[in-house]
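S.K.:
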Amino acid sequence: ACPGAFIFMGNGMTAALHHPEYDFNDNALPIGIALWVDLVTRERN
40 ACPGAFIFMG
50 NGMTAALHHP
60 EYDFNDNALP
70 IGIALWVDLV
80 TRERN
């Protein structure tokens, strides 16, 4: 088995992911990108 993890990132008060009225908050993208960049940077150092 390989260790793993889940990362849950909020998107504000909106409909569920597969709901027709779901509206992705584009302002969340820089936060998610920064999270992954930090994670990879820490792992590589």
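In this note's numbering, the protein residues as written are 40 to 84.
Beta carbons are placed, not taken as given, at the ideal position from N, Cα and C, and that holds for glycine.
Keep in mind it's a predicted model, so treat the numbers as computed, not measured.
Does the distance from the C-beta atom of aspartate 62 to that of alanine 54 stay below 9 Å?
M.R.: For the purposes of this step, residue 62 is taken as the residue at position 23 of the sequence shown. For the purposes of this step, residue 54 is taken as the residue at position 15 of the sequence shown. Yes, the Cβ-Cβ distance between aspartate 62 and alanine 54 is below 9 Å.
S.K.: Spatial neighbours of alanine 44 within its chain, please: C-beta separation below 8 Å, excluding the five flanking residues on both sides.
M.R.: Locating residue 44 in the sequence shown gives position 5, where the first residue counts as 1. Answer for alanine 44: no residue qualifies.
S.K.: Please return the same chain residues whose Cβ sits closer than 6 Å to the Cβ of asparagine 64, not counting the five positions on each side in sequence.
M.R.: Position 25 of the sequence shown holds residue 64. So the list reads Asn50, Gly51, once near-sequence residues are dropped.
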